[in-house]
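Chemist: Those protein sequence lines, which keep their order, are chains A and B. Just add 58 to the spot in the first sequence (first one is 1) and you have our numbering. Just add 68 to the spot in the second sequence (first one is 1) and you have our numbering. Every residue gets a Cβ at the ideal spot worked out from N, C-alpha and C, and that includes glycine. Just so we're clear, the structure is a prediction, and the values are computed from it rather than from any experiment.
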Amino acid sequence: ETGVTQTPRHLVMGMTNKKSLKCEQHLGHNAMYWYKQSAKKPLELMFVYSLEERVENNSVPSRFSPECPNSSHLFLHLHTLQPEDSALYLCASSQDPSGRSSYEQYFGPGTRLTVT
Amino acid sequence: GDSVTQMEGPVTLSEEAFLTINCTYTATGYPSLFWYVQYPGEGLQLLLKATKADDKGSNKGFEATYRKETTSFHLEKGSVQVSDSAVYFCALSIRGAQKLVFGQGTRLTINP
Numbered sequence: 059e060t061g062v063t064q065t066p067r068h069l070v071m072g073m074t075n076k077k078s079l080k081c082e083q084h085l086g087h088n089a090m091y092w093y094k095q096s097a098k099k100p101l102e103l104m105f106v107y108s109l110e111e112r113v114e115n116n117s118v119p120s121r122f123s124p125e126c127p128n129s130s131h132l133f134l135h136l137h138t139l140q141p142e143d144s145a146l147y148l149c150a151s152s153q154d155p156s157g158r159s160s161y162e163q164y165f166g167p168g169t170r171l172t173v174t
Numbered sequence: 069g070d071s072v073t074q075m076e077g078p079v080t081l082s083e084e085a086f087l088t089i090n091c092t093y094t095a096t097g098y099p100s101l102f103w104y105v106q107y108p109g110e111g112l113q114l115l116l117k118a119t120k121a122d123d124k125g126s127n128k129g130f131e132a133t134y135r136k137e138t139t140s141f142h143l144e145k146g147s148v149q150v151s152d153s154a155v156y157f158c159a160l161s162i163r164g165a166q167k168l169v170f171g172q173g174t175r176l177t178i179n180p
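#1: Shortest alpha-carbon distance to residue 100 of chain B belongs to which of B:79, B:134, B:113, B:82?
#2: In terms of residue numbering, what span does the beta strand (DSSP E) encompassing residue 117 of chain A cover?
#3: Do the stretch 91-108 of chain A and the stretch 164-179 of chain B make contact, defined as three or more Cβ pairs closer than 8 Å?
#4: Residue 150 of chain B: buried (16+ other C-beta within 10 angstroms of its C-beta) or exposed?
#5: Residue 107 of chain B to residue 113 of chain A, Cα distance in whole Å?
#6: Express the C-alpha separation of residue 157 of chain B and residue 135 of chain A in angstroms, rounding to a whole number.
#7: Suppose contacts are defined by Cβ-Cβ distances below 8 Å. Is residue 83 of chain A in contact with residue 168 of chain A by that definition?
#8: Are the beta-carbon atoms belonging to residue 176 of chain B and residue 79 of chain B less than 8 Å from one another?
#9: Whole angstroms are fine: how far does the CA of residue 125 of chain B sit from the CA of residue 73 of chain A?
#10: Apply the 10 Å Cβ neighbour rule to residue 151 of chain A and answer buried if 16 or more other Cβ atoms are within range, or exposed otherwise.
#11: For chain B, check one thing: does any of its Cβ atoms lie closer than 8 Å to the Cβ of residue 103 of chain A?
#12: At a CB-CB cut-off below 7 Å, which residues of chain B make contact with residue 124 of chain A?
#13: Is there a Cβ from chain B that is less than 8 Å from the Cβ of residue 118 of chain A?
#14: Does any residue of chain B bring its CB to less than 8 Å from the CB of residue 59 of chain A?
#15: Just mark residue 161 of chain B as buried or exposed, buried being the case when its beta carbon has 16 or more other beta carbons within 10 Å.
#16: Just confirm the distance between the C-beta atoms of residue 148 of chain A and residue 95 of chain A, as a whole number of angstroms; I'd bet it's less than 8 Å.
#17: With distance defined between alpha-carbon atoms, name the residue in B:143, B:122, B:172, B:76 nearest to residue 136 of chain B.
#18: Chain B partners of residue 162 of chain A, CB-CB under 7 Å?
#19: Between residue 111 of chain B and chain A, is any beta-carbon pair separated by less than 8 Å?
#20: Let me make sure I understand the geometry here. Which of B:96, B:180, B:84 has the alpha-carbon closest to that of residue 70 of chain B?
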């Protein structure tokens, strides 16, 4: 039980579709993250939200749109994706570092996305 | 900038062998260090951590010691099992920074 859940676990979508990935954390954390994990590439940090404000956006294409309505929920809205966007999308959460914590992140199981 | 370098994989061992996966880091501040494990079809799980020099993190028979003098955090286990087959990631965080820096991952396969 990681305390971070993601839905759906698998998603197949066409390039013209619009879909959303959902992440929910039950750990009382106040920072959340989206990562992209592609085969044979390092883990890529996409977005960081702290206290529901986006604090980092690592040059991610606009076809990916994050939303963080509260500290427990994080969405990734997808539209007009490309086949190279096929990957495992991981959500994570942590306590907002204030100089006191060791800042580990807790990950969900991921959504395996295939763009056809 | 901050970075983490892990030994290249894949690593293949026989059951009950001794395991070492090397990890070295470069950091401008005083990082905390982590090992994460990813089993097939799953997300990353925190395996162990160390927050200051000479700390030893341990869990499930795995150990790693924070060596500031060599900027290393090598993962070790005395006797591996088939169930340890997974991808292992070394990572660091700088106090006050809001992200982890990951190594590229090392795939470990244990044969019976």
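Modeler: Reading off the structure:
#1: B:134
#2: Looking at the DSSP string, residue 117 of chain A is not in any beta strand (DSSP E), and its letter there is neither H nor E.
#3: yes
#4: exposed
#5: 30 Å
#6: 28 Å
#7: no
#8: yes
#9: 45 Å
#10: buried
#11: yes
#12: Correct list: empty, because the minimum Cβ distance to chain B is about 15 Å.
#13: no
#14: Summary for residue 59 of chain A: the model assigns pLDDT 49, below 50, so the residue's position carries little reliability, and this model does not support an answer.
#15: buried
#16: 6 Å
#17: B:122
#18: 102, 114, 117
#19: yes
#20: B:96
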